[in-house]
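In our numbering, the protein residues as written are 161 to 274. Cβ atoms here follow ideal geometry from the backbone N, Cα and C, with glycine treated the same way. These numbers come from a predicted model, not from an experiment. Here is the structure we will look at.
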Amino acid sequence: TADGSISLGQQIMWNGKKSTVRYIGNVKFAAGEWMGLELTDGGGVHDGTVMGVPYFECPSGRGVFAQPEQPPKATAPASPPAAFVSTPAVAAPTAVAPTAKGEEGPATLPSKEK
161 TADGSISLGQ QIMWNGKKST VRYIGNVKFA AGEWMGLELT DGGGVHDGTV MGVPYFECPS
221 GRGVFAQPEQ PPKATAPASP PAAFVSTPAV AAPTAVAPTA KGEEGPATLP SKEK
């Protein structure tokens, strides 16, 4: 969009439907800036051509136009909240030290506790 908040190829939710932005700009059928959307699961009204003017291409019945005045919701997966991020268990730090036989092997570092 003109303000850069939405870009071509971006996946958004429009009226509760997943869609991909295929066109952003002026159209001949109405004033103002419009977004041409391809609905992922159908439910559109055209194939990107409106009143004989091709704005973008998509399968028939998957295209719609919407004005970008209401901020759409992005469908890209968000990072999970910190409470749901699993972290590996922390093991005691180890170092490589010679063993009794002169071979290198793991040795547990001394604890800082007294």
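The Cβ atoms of residue 166 and residue 228 lie closer than 7 Å to each other.
Fully enclosed beta strand (DSSP E) runs of no fewer than 3 residues occupy 193 to 199 of the segment 189 to 217, in order along the chain. Here the alpha carbons of residue 223 and residue 207 stand approximately 5 Å from one another. Excluding five sequence positions before and after residue 219, the CB atoms of its chain that fall closer than 7 Å to its own CB belong to 207, given in chain order.
Separation of the CB atoms of residue 203 and residue 177 is rounded to 6 Å, and the pair is thereby assigned contact status at 8 Å.
DSSP places residue 221 outside both helix and strand once states are collapsed to three, so it counts as coil.
Pairing residue 183 with residue 201, the inter-Cα distance amounts to about 18 Å. Counting along the chain, no beta strand (DSSP E) covers residue 161, and no H or E run does either.
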